[in-house]
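A.B. asks:
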């Protein structure tokens, strides 16, 4: 079993819809949970960073962590065409070693 | 800041040739990472340096791969000899301290034919 599981299926949504992405993990030692956004032919860039269970909001983005279920989510409200990208979940044990999910390609259709 | 700088951005080479990828981390960052991204396996950590010293190279696929960090501002990833299955995007990333934001470069797109 991989440490981080992210169903890599593509997702197409109409502009304005809510995008919901999630990952599960198996290693309870993970302490830091992140979502990276990767535009086509670019490197990943950090979008959201959380440390504890619960919700964290940043504008239209909400990251949710449930450590008891080993489950994290990312919600994008009022999605825009500029949100079209691949979204990767990532987790770290505090030793700078990031474990990534495979990513979800999101397309927001105008 | 200019961010993490990688070169070359694109490389097409023939099987058996040596490939050298280069990285300049963000100034002041003490940790440097090399990642490989493929459709099949996603992003995989190849090697991690801290203060120019390799800390974890368990992700390096085989002896054909080697990485060096001669100083705080430069690192190389070398593949010799290259094979078609090495075709991937190779990312360099850096960070300061531990548990902080890791910044990625724009990647080196390698095609081995």
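Residue numbers (this note's numbering), protein chains in the order written: chain A, 6 to 115; chain B, 2 to 114. No residue lacks a Cβ here, since even glycine has one placed at the ideal position from N, Cα and C.
Using the C-alpha atoms, what's the distance from residue 60 of chain B back to residue 48 of chain B?
C.D. replies: Going from the Cα of residue 48 of chain B to the Cα of residue 60 of chain B covers about 6 Å.
A.B. asks: Let me check understanding here. Comparing Cα to Cα, which of A:106, A:102, A:105, A:89 lies closest to residue 16 of chain A?
C.D. replies: If we check each option's Cα against that of residue 16 of chain A, A:89 comes out closest.
A.B. asks: To the nearest angstrom, how far is it from the Cα of residue 27 of chain A to the Cα of residue 93 of chain B?
C.D. replies: Straight-line Cα distance between these residues: approximately 26 Å.
A.B. asks: Please check if any C-beta of chain B sits within less than 9 Å of the C-beta of residue 51 of chain A.
C.D. replies: Chain B contact via Cβ: present.
A.B. asks: Quick check on the burial criterion: 16 or more other C-beta atoms within 10 angstroms. Buried or exposed for residue 54 of chain B?
C.D. replies: Answer is exposed; the Cβ neighbour count stays below 16.
A.B. asks: Considering only C-alpha positions, which residue in the set B:105, B:64, B:112, B:10 is nearest to residue 44 of chain B?
C.D. replies: Of the listed residues, the one whose Cα sits closest to residue 44 of chain B is B:105.
A.B. asks: Where residue 69 of chain B and residue 18 of chain A are concerned, what is the direct C-alpha to C-alpha distance, given to the nearest angstrom?
C.D. replies: Residue 69 of chain B and residue 18 of chain A: Cα-Cα distance of roughly 44 Å.
A.B. asks: On a Cα-Cα basis, can you pick out the residue from A:110, A:111, A:53, A:79 that is closest to residue 102 of chain B?
C.D. replies: Here the closest residue by C-alpha is A:53.
A.B. asks: Assuming residue 62 of chain B and residue 16 of chain B make a contact with CB atoms under 8 Å, what is their CB distance in whole Å?
C.D. replies: Residue 62 of chain B to residue 16 of chain B, Cβ: 16 Å. No contact.
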